[in-house]
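For reference, the structure discussed in these notes is given below.
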Amino acid sequence: MKSFFLFLFLFTATISFAQDKPLQIIMIGAHPDDCDIKGGGTAALFVEMGHQVKFISVTNGDAGHMEQGGGMLAKRRMAETQEVAKRLGITYEVLDNHDGELLATLPIRFDIIRKIREWKADVVISHRTNDYHPDHRYTAILVQDAAYMVGVPNIAADTPPLAKNPVFLYFQDNFQKPNPFHADIAIDITSVMDKKIHALDAHESQFYEWLPWIGGYADEVPEDKIARKEWLKHKRLSAVSPSSLQILEKWYGKENAAKVQQVELFEICEYGSRPSEQDIRKLFPMIKK
2 MKSFFLFLFL FTATISFAQD KPLQIIMIGA HPDDCDIKGG GTAALFVEMG
52 HQVKFISVTN GDAGHMEQGG GMLAKRRMAE TQEVAKRLGI TYEVLDNHDG
102 ELLATLPIRF DIIRKIREWK ADVVISHRTN DYHPDHRYTA ILVQDAAYMV
152 GVPNIAADTP PLAKNPVFLY FQDNFQKPNP FHADIAIDIT SVMDKKIHAL
202 DAHESQFYEW LPWIGGYADE VPEDKIARKE WLKHKRLSAV SPSSLQILEK
252 WYGKENAAKV QQVELFEICE YGSRPSEQDI RKLFPMIKK
């Protein structure tokens, strides 16, 4: 009997989403800019269509700078996330775990379970477990470990369980070992790319200071605010690859896919509900042939 209910929870054939209520999307990153980088365009499209999006940073970002650090940097990065929230029309939450010190502990797993339940998430998106940054890897493990547990009443029992398991997805990355990212869903973000850049621009400590410094290109960053935002746009633009075009053609049709200039990609995680193509089109209503 237990196996039967497990099957129903994880592998429901048809996922029912009422179209008369907003979809609830939650993106969970390790740091206060990860969701913006990997899913900011998709988030902007959801918001434009009247759906609800929340970004969560599992760490407070208090180590991500070459000169600042600790509580003052955490406070600065929190302020940046709230500016992003205004610019994208989303909710942005930052958990108080130290940057660079994250571990997949039980208390943090319970925090993630509660956050997903409280948001009544239809879709949860996070990192994959093979990644250069330990915070990314442990965030991925925490979210994966929460995937089934969000429906178990006796786990984190102070927050009501979800009646259905959300669809869990991975953000795109370029890491190949032990297994490469495999895109299942492609979202055309061409129309909102400027809005995504406007959101990234709010993370001044990262895109104009820390990342250029650690990446060895700090001398490229313009002083003028308008000029540096244009610089950031060109830095973040990337051509649609042949493999991305192939998955775009599946979802948008060949003619529409050929017009796409910017795309965000996602992979389906086996641990959540297993969506059909019809389910994916309901969950991502911006996809149209």
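Quick note: the sequence shown uses my numbering, first residue 2, plus one each step.
The beta-carbon is built from N, C-alpha and C at its ideal position, and this holds for glycine as well.
Residue i versus residue j - alpha carbon distance
i: G152; j: I27; result: 16 Å
i: R229; j: S244; result: 31 Å
i: N175; j: V264; result: 15 Å
i: I281; j: P167; result: 12 Å
i: E268; j: A141; result: 13 Å
i: L212; j: N155; result: 42 Å
i: V222; j: L170; result: 33 Å
i: K216; j: L96; result: It is Gly, not Lys, that sits at residue 216 in the sequence shown. Each residue's alpha carbon lies about 26 Å from the other.
i: A184; j: I248; result: 7 Å
i: E250; j: Q262; result: 13 Å
i: K260; j: Y149; result: 38 Å
i: A157; j: M194; result: 38 Å
i: E102; j: H137; result: 11 Å
i: R110; j: L143; result: 5 Å
i: Q145; j: D132; result: 15 Å
i: R237; j: F172; result: 16 Å
Beta-carbon spacing of residue i, residue j below 8 Å
i: A147; j: I117; result: yes
i: G90; j: L74; result: no
i: I190; j: G42; result: yes
i: H204; j: D100; result: no
i: K197; j: Y253; result: no
i: M67; j: W232; result: no
i: Q207; j: D35; result: no
i: F56; j: G30; result: yes
Coarse secondary structure for residue i, derived from DSSP in three states
i: A184; result: coil
i: I190; result: coil
i: L9; result: A caution first: L9 carries a pLDDT of 48, below 50, which makes its placement in the model unreliable, though a value can still be read off. Three-state result, L9: helix.
i: I27; result: strand
i: I126; result: strand
i: V95; result: strand
i: I215; result: helix
Where the beta strand (DSSP E) containing residue i begins and where it ends
i: V1; result: Residue 1 is absent from the structure shown; the chain starts at 2 and stops at 290.
i: E278; result: Where E278 is concerned, there is no enclosing beta strand (DSSP E), although the alpha helix (DSSP H) it sits in stretches over 278 to 284.
i: K55; result: 53 to 58
Alpha helix (DSSP H) segment containing residue i, residue limits
i: Q177; result: Counting along the chain, Q177 falls outside any alpha helix (DSSP H), and DSSP gives it neither H nor E.
i: E119; result: 107 to 120
i: D246; result: The question names Asp, but residue 246 in the sequence shown is Leu. That run of the alpha helix (DSSP H) goes 243 to 253.
i: F208; result: F208 -> no alpha helix (DSSP H), and no H or E assigned at all.
i: L143; result: 135 to 150
i: E231; result: 226 to 237
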